[in-house]
């Protein structure tokens, strides 16, 4: 008797399904954290670009993601980026989308302002989100 029997194939399929059922929920927090880290790094880079803009123009007003040569999202659109700026201050925002918004309730929207203050709108602690 050569080859696999149907019962062997079904047993293998059941084992693989159980392993996937266990491993995916364990992997999700790491995926959420990695995407959040990407957003915090992007906000930090954007803050540096805002400071460079201020040095050149003596105001933050007028600085946009386009003028700073930044996309309006991180990586594969896990976070949308936005700038709220005035003459002498700014706040940068990273708003989660899709999977990230559904699974990152602890941090939710990440913020960074012109004073270097880090924030978020979720239920967690700033230190854990940044």
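In the numbering used here, the protein residues as written are 27 to 156.
We put the beta carbon where it would ideally sit given N, CA and C, even for glycine.
Please read all numbers here as calculations on a predicted model, not as lab measurements.
Run through DSSP, which three-state label would residue i get?
| i | result |
| --- | --- |
| residue 65 | helix |
| residue 101 | coil |
| residue 175 | Since the first residue of the chain shown is 27 and the last is 156, residue 175 is not available in this structure. |
| residue 148 | coil |
| residue 39 | helix |
| residue 133 | coil |
| residue 54 | helix |
| residue 84 | coil |
| residue 96 | coil |
Name, in chain order, the residues that DSSP records as bridge partners for residue i.
| i | result |
| --- | --- |
| residue 139 | 117 |
| residue 109 | 118 |
Spatial neighbours of residue i within its chain, please: C-beta separation below 7 angstroms, excluding the five flanking residues on both sides.
| i | result |
| --- | --- |
| residue 109 | 89, 90, 91, 116 and 118 |
| residue 61 | 104 and 126 |
| residue 69 | 118, 120, 136 and 138 |
| residue 147 | 134 and 135 |
| residue 99 | 105, 106 and 107 |
For my contact list, residue i and residue j are in at a C-beta cut-off of 8 angstroms; report their separation, rounded to the angstrom.
| i | j | result |
| --- | --- | --- |
| residue 104 | residue 84 | Contact flag wrong, Cβ pair sits at about 34 angstroms. |
| residue 58 | residue 112 | The pair is not a contact, with the Cβ atoms about 32 angstroms apart (cut-off 8 angstroms). |
| residue 45 | residue 75 | Residue 45 to residue 75, Cβ: 44 angstroms. No contact. |
Should residue i be flagged as near chain B, meaning a C-beta pair shorter than 8 angstroms?
| i | result |
| --- | --- |
| residue 113 | Considering every chain present, this structure includes no chain B. It has just one protein chain. |
Near residue i, what residues of its chain come up, given a Cβ to Cβ distance below 6 angstroms and the 5 sequence neighbours on each side ignored?
| i | result |
| --- | --- |
| residue 37 | none |
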